[in-house]
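Residue numbers for the sequence shown follow the working numbering, so the first one is 1 and each next one is one higher.
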Amino acid sequence: MSKPTVVKSDSEWRQELTPEQYRVLREKGTERAFTGQYYHNKQAGVYLCAACGAELFASDTKYDSGSGWPSFWQPAEEDVVDTKRDFSHMMIRTEATCSRCGSHLGHV
1 MSKPTVVKSD
11 SEWRQELTPE
21 QYRVLREKGT
31 ERAFTGQYYH
41 NKQAGVYLCA
51 ACGAELFASD
61 TKYDSGSGWP
71 SFWQPAEEDV
81 VDTKRDFSHM
91 MIRTEATCSR
101 CGSHLGHV
């Protein structure tokens, strides 16, 4: 796991992000399945970190995992997404985070 290069205080993140973005990205929250603005998106392009703008995924790597959240089979570059074991909620999962700012992206 790399050390984030974009480091801001909690108050700076709260000022820059919407309440929902802050909850998901900084507090490791989860959007309701099948409701996010990018779930049904089919446009060609790239997906950026909502917190720092880092290019995370290309649209041609997006697929329907059936989970209700946008899913990608590979990041835009090898080192733009970090993963780590997450033992919260009495489960063992793998959390994905933005390697540039440390924001929570979801679980794989």
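Even glycine gets a Cβ: it sits at the ideal position worked out from N, Cα and C.
Just so we're clear, the structure is a prediction, and the values are computed from it rather than from any experiment.
Rounded C-alpha distance that separates residue i from residue j
{"i": "N145", "j": "Y47", "result": "One cannot answer for residue 145 here, as it falls past the ends of the chain, which runs 1 to 108."}
{"i": "T5", "j": "Q37", "result": "27 Å"}
{"i": "D10", "j": "R23", "result": "12 Å"}
{"i": "S59", "j": "G29", "result": "23 Å"}
{"i": "L56", "j": "G102", "result": "12 Å"}
{"i": "D86", "j": "A33", "result": "20 Å"}
{"i": "D79", "j": "S99", "result": "7 Å"}
Best match in the options for proximity to residue i [C-alpha to C-alpha]
{"i": "L25", "options": "D86, R32, A50", "result": "A50"}
{"i": "G45", "options": "T94, V108, A76", "result": "A76"}
{"i": "S67", "options": "Y39, K8, A96, W13", "result": "Y39"}
Supposed contact pair residue j and residue i - C-beta distance, whole angstroms, cut 8 Å
{"i": "T97", "j": "L105", "result": "6 Å"}
Identify every run of the beta strand (DSSP E) within the region 25–84, keeping only runs that are complete inside it and at least 3 residues long; order them along the chain. 46–48, 55–58, all fully within the region 25–84.
When the Cβ atoms of the region 12–21 are set against those of the region 79–95, are three or more pairs found closer than 8 Å? Here the region 12–21 does not lie against the region 79–95, with fewer than 3 beta-carbon pairs under 8 Å apart.
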